[in-house]
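Engineer: Top to bottom, those sequences are chains A and B.
Read left to right, the first sequence gives residues -16 to 397 (the numbering used here).
Read left to right, the second sequence gives residues -16 to 397 (the numbering used here).
C-beta: ideal position from N, C-alpha, C; glycine also.
2 protein chains.
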Amino acid sequence: MSELDVLLFGEIDPPQRLLMGPGPVNAHPRVLRAMSADLLGQFDPEMTGYMEQVMALYRPLFGTENRWTFLVNGTARAGIEASLISLVEPGDTVLVIDFGRFGLLLKEILQRIGARVVSVEAAWGEVVPLDAIAAAIERYAPKVVATVHGDTSTTMAQPLDGLGAIVRAAGAFSYVDATATIGGIAIAADRWSIDVVTGGLQKCLSGPSGSAPITVSDRAAERILARRHVEGGIRRADIVDGTGPRIASNYFDLAMVMDYWSEKRLNHHTEATTMLYGARECARVALAEGLDARFARHARAGAAVVAGARAMGLAVFGDDRHRMTNVTGMNIPGGIDGEAVRRWMREDFEIEIGTAFGPLAGRIWRIGAMGYNAMKHKVAITMSALETVLRAEGFACPPGAGVDAALAAWDTAP
Amino acid sequence: MSELDVLLFGEIDPPQRLLMGPGPVNAHPRVLRAMSADLLGQFDPEMTGYMEQVMALYRPLFGTENRWTFLVNGTARAGIEASLISLVEPGDTVLVIDFGRFGLLLKEILQRIGARVVSVEAAWGEVVPLDAIAAAIERYAPKVVATVHGDTSTTMAQPLDGLGAIVRAAGAFSYVDATATIGGIAIAADRWSIDVVTGGLQKCLSGPSGSAPITVSDRAAERILARRHVEGGIRRADIVDGTGPRIASNYFDLAMVMDYWSEKRLNHHTEATTMLYGARECARVALAEGLDARFARHARAGAAVVAGARAMGLAVFGDDRHRMTNVTGMNIPGGIDGEAVRRWMREDFEIEIGTAFGPLAGRIWRIGAMGYNAMKHKVAITMSALETVLRAEGFACPPGAGVDAALAAWDTAP
Chain A
-16 MSELDVLLFG EIDPPQRLLM GPGPVNAHPR VLRAMSADLL GQFDPEMTGY
34 MEQVMALYRP LFGTENRWTF LVNGTARAGI EASLISLVEP GDTVLVIDFG
84 RFGLLLKEIL QRIGARVVSV EAAWGEVVPL DAIAAAIERY APKVVATVHG
134 DTSTTMAQPL DGLGAIVRAA GAFSYVDATA TIGGIAIAAD RWSIDVVTGG
184 LQKCLSGPSG SAPITVSDRA AERILARRHV EGGIRRADIV DGTGPRIASN
234 YFDLAMVMDY WSEKRLNHHT EATTMLYGAR ECARVALAEG LDARFARHAR
284 AGAAVVAGAR AMGLAVFGDD RHRMTNVTGM NIPGGIDGEA VRRWMREDFE
334 IEIGTAFGPL AGRIWRIGAM GYNAMKHKVA ITMSALETVL RAEGFACPPG
384 AGVDAALAAW DTAP
Chain B
-16 MSELDVLLFG EIDPPQRLLM GPGPVNAHPR VLRAMSADLL GQFDPEMTGY
34 MEQVMALYRP LFGTENRWTF LVNGTARAGI EASLISLVEP GDTVLVIDFG
84 RFGLLLKEIL QRIGARVVSV EAAWGEVVPL DAIAAAIERY APKVVATVHG
134 DTSTTMAQPL DGLGAIVRAA GAFSYVDATA TIGGIAIAAD RWSIDVVTGG
184 LQKCLSGPSG SAPITVSDRA AERILARRHV EGGIRRADIV DGTGPRIASN
234 YFDLAMVMDY WSEKRLNHHT EATTMLYGAR ECARVALAEG LDARFARHAR
284 AGAAVVAGAR AMGLAVFGDD RHRMTNVTGM NIPGGIDGEA VRRWMREDFE
334 IEIGTAFGPL AGRIWRIGAM GYNAMKHKVA ITMSALETVL RAEGFACPPG
384 AGVDAALAAW DTAP
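1) Please check the pair Val128(A) and Leu78(A), which I expect to be a contact at CB under 8 Å, by giving their CB distance rounded to whole angstroms.
2) Is the region 362 to 380 of chain B touching the region 291 to 305 of chain B, taking contact as three or more C-beta pairs under 8 Å?
3) Just to confirm, is the Cβ distance from Gly285(A) to Arg306(A) under 8 Å?
4) List the whole-angstrom C-beta distance separating Ser194(B) from Gly261(B), where the pair is believed to meet the contact cut-off of C-beta under 8 Å.
5) Could you check how far apart the C-beta atoms of Thr138(B) and Thr311(B) are, in whole angstroms? I think they sit under 8 Å.
6) Verify whether the separation of the beta carbon atoms of Gly354(B) and Gly166(B) is less than 8 Å.
7) As a quick exercise: from Leu70(B), Ile315(B), Gly32(B), pick the residue whose alpha carbon is nearest that of Phe(-8)(A).
8) Suppose the cutoff is 6 Å on Cβ atoms and the five residues either side in sequence are ignored; what does the same chain contact list for Ile177(A) look like?
9) Over the uninterrupted alpha helix (DSSP H) stretch that includes Gly312(A), give me the two end residues.
10) Just to confirm, is the Cβ distance from Gly46(A) to Ala155(A) under 8 Å?
11) Name the residue from Pro316(B), Glu272(B), Arg211(B) whose alpha carbon lies nearest to the alpha carbon of Phe235(B).
12) Pairing CB atoms from the region 266 to 286 of chain A with CB atoms from the region 100 to 109 of chain A, are three or more of them under 8 Å?
13) Could you check if Val372(B) is buried or exposed, using at least 16 other CB atoms within 10 Å of its CB as the buried criterion?
14) With contact counted as at least three CB pairs below 8 Å, one residue from each stretch, are the region 196 to 213 of chain A and the region 17 to 27 of chain A in contact?
15) Using beta-carbon positions only, say whether Phe53(B) and Trp327(B) come within less than 8 Å of one another.
16) Could you tell me whether the Cβ of Ala117(B) comes closer than 8 Å to any Cβ of chain A?
17) Within 10 Å of its beta-carbon, does Val240(A) have 16 or more other beta-carbons around it, so buried, or fewer, so exposed?
18) Measuring only between beta-carbons, confirm whether Arg202(A) sits less than 8 Å from chain B.
19) Below 8 Å on C-beta distance, what does Phe340(A) contact in chain B?
20) With a 10 Å radius around its C-beta and 16 neighbouring C-beta atoms as the bar for buried, classify Ala98(A) as buried or exposed.
21) How many Å lie between Asn56(A) and Thr58(B) at the Cα?
22) Please state the DSSP three-state secondary structure of Ser66(A).
23) Distance cutoff 8 Å, beta carbons only. Does Ser66(B) sit that close to anything in chain A?
24) To the nearest whole angstrom, what separates the beta carbons of Phe340(B) and Gly216(A), a pair I think is in contact under 8 Å?
25) Quick check: Thr181(B) and Ile63(B), are their CB atoms within less than 8 Å of each other?
26) Per DSSP, Met139(B) is paired with what?
27) Note the first and the last residue of the continuous alpha helix (DSSP H) segment covering Tyr234(A).
28) May I ask you to report which of helix, strand or coil DSSP gives Phe45(B)?
29) Looking only at DSSP bridge pairs, what is Thr198(B) linked to?
30) Hey, does Ile207(B) have any beta-carbon neighbour from chain A nearer than 8 Å?
31) Whole-angstrom Cβ separation of Arg280(B) and Ala357(B), contact assumed at under 8 Å?
32) Just by C-beta distance, which residues in the region 69 to 82 of chain A are closer than 7 Å to chain B?
33) Would you tell me roughly how many angstroms separate the C-alpha atoms of Trp175(B) and Val150(B), rounded to the nearest one?
34) Can you pull the chain A neighbours of Ser192(B), defined as C-beta to C-beta under 7 Å?
35) Would a check of beta-carbon distances place Gln25(A) closer than 8 Å to chain B?
36) Would you report the Cα separation of Arg344(A) and Tyr41(A), rounded to the nearest angstrom?
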């Protein structure tokens, strides 16, 4: 390809598509505007000031007073791996609460970092009862217990109240992947006594993927800092290595990352400044709305999608008692081509809805209504479009019932 | 802190500072504008189209026809670690060409991932001769040879022409960290027969940190794909695991990342869309200028900084024959407080110049002139400001000599 051809790719100009899948969703315009600010040197006082602000802004989102609340520079998955590789020592037994694809991801990461992985499982569409978790902790005596909060693959939200207390009573540490819930469903890291929680921007916070907020309890930080090993070339007299086994990643070494985010300002990676500006604005937007109001808005959106789907005659997937408010699964009716429906939705309505993974591939659609898209009009538009496409595909669906039910549910949700 | 206090942090509003340190530098405005576009679903045809364009756009920047040219989602350091952990198997002998802080970083990462690390070293301010590298390969029979291209800690650029041929003749693989040179100093991955090269956006490409372009030769891709292990929950009949040892990271598993960037579109992380838009625009800006013109502009900028520093009476650090064009080190004169000078530069002129690491901390300043800042007027402004501050700090410096020499060198550079 010649350089001239390359230039012909032209300006970035994505279609104005409504992203009603399991994420990413549309970015809040304030977030994109904040990201258009110019860069700063990474140790300039204004930059370190912004870093301090980010730490403060994410504490309420995680429901914590943890000093160590900061960003991992990568997608949500980077936050997960950084947490596990820094918290888990090779050979440690780790109990994974596995109720979907992202539970499997936790196992996968843990196997690669040399943990002994055990699990307590639920079928896709269900969650794991607390007493089953307690029994598994009793049985396996894990050093770390890891779970997903809301698993978008199954649309289930694992109840976490009480988990941390059991884990700490057993002398262990807890990790929660809250990528799909942060900013949309309440997280109470302190009240739940969870040690490490990570999130992402691209779901309920309506930012771009690429930065992973994290919070670390003091007791977990102590364990991690005991594994500190400052790299050659930047060693300093005021930063002493720990005595624990060295963390098997440099990039994901939370001990060094915490030293970077502390007043020590130990040089590590070059902070992803633009993503930090975006993460900061995501949090400001969420806190300005008020977290309780925001969670209620997501609950209305979820209730509306569920009611709309059922009124159209679609069976909603999974356990009603533990449904995430921001992503809803619904069975693809027999005889309907799920991918054809998604394509029609995209081509005629510029609306994206989600497909599914693994055992649910081809069996359910997933509709997300989160962040900037957990809006009455966006849910209504999506339900109307879905109905139109379903009727065109030959599914007998009472005209107008879905959107009417969705609007009614939005208005009457508690 | 109350939520109200949090809101009082206010809008993002960094000072308009000229970043003439070793990076990050100021972003090109076109890059920030491109990043303000809304998000897309990660498998929407427009998104995968943009991914294909990014692959094409980065091939000329790396000087390669490699199919596997894509982005790692993280800072430049993420690209380094992903390359090494995917290329190196535990127990492999790896030869590091070590001539500065970022050579030490390569060693550090390699130690953590279980390599047997050997090295061939140069003093800070020098590079390693090719025959010394050849002798070390002969002596250690490494499986992988890793080096930095331009090490900003010492401002030296390691010559790479001929390296790949020696490495391949020995049956080994080569890795080059080109974070600080990509888009500013020529990289010829194919002509140099280098197997894996990674970069970053925040230096000569004038983008934000947070995305790491990478290119992988077919022979390296074959080695990496032989270690493929698709995670549970997304296994597919058309993607078969390899027989090699599993890569010890999920996030940095280039086999899965390549499957994500191929027509297989295997789900892995959620691509950092906004950073991808930025990376795409960085490359378009560079290719529109023309790479040869761009490299010449960086050479003029480097010559101007060197001439300006010398005319002010500052000794320039390191070997003239192997100096990077985009970052220049100069000795802090005896009796001058280097940090006070940097503070004055920032406070009175809104110009950032760099400090140094390790053995050079407190001994040199580093001035970068790269990407959007490798401009005649920005170099001139910086030289004038530095002279003013140096005189105020008591350094006897002929008035006007630095800026005059810098301008003259810019105009006469070959």
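Structural biologist: Based on what the coordinates show:
1) 5 Å
2) yes
3) yes
4) 7 Å
5) 6 Å
6) yes
7) Gly32(B)
8) Gly147, Ser157, Val159
9) Here Gly312(A) belongs to no alpha helix (DSSP H); instead the beta strand (DSSP E) covers 310 to 314.
10) no
11) Arg211(B)
12) no
13) buried
14) no
15) no
16) no
17) buried
18) no
19) Gly216, Ile217, Asn250
20) buried
21) 7 Å
22) helix
23) no
24) 6 Å
25) yes
26) Asp134(B), Arg306(B)
27) Per DSSP, Tyr234(A) belongs to no alpha helix (DSSP H) and is neither H nor E.
28) helix
29) Thr52(B), Val180(B)
30) no
31) 5 Å
32) none
33) 10 Å
34) Thr253, Glu254, Ala255, Thr256
35) yes
36) The identity of residue 344(A) in the sequence shown is Ala, whereas the question assumes Arg. Cα to Cα, Ala344(A) sits roughly 34 Å from Tyr41(A).
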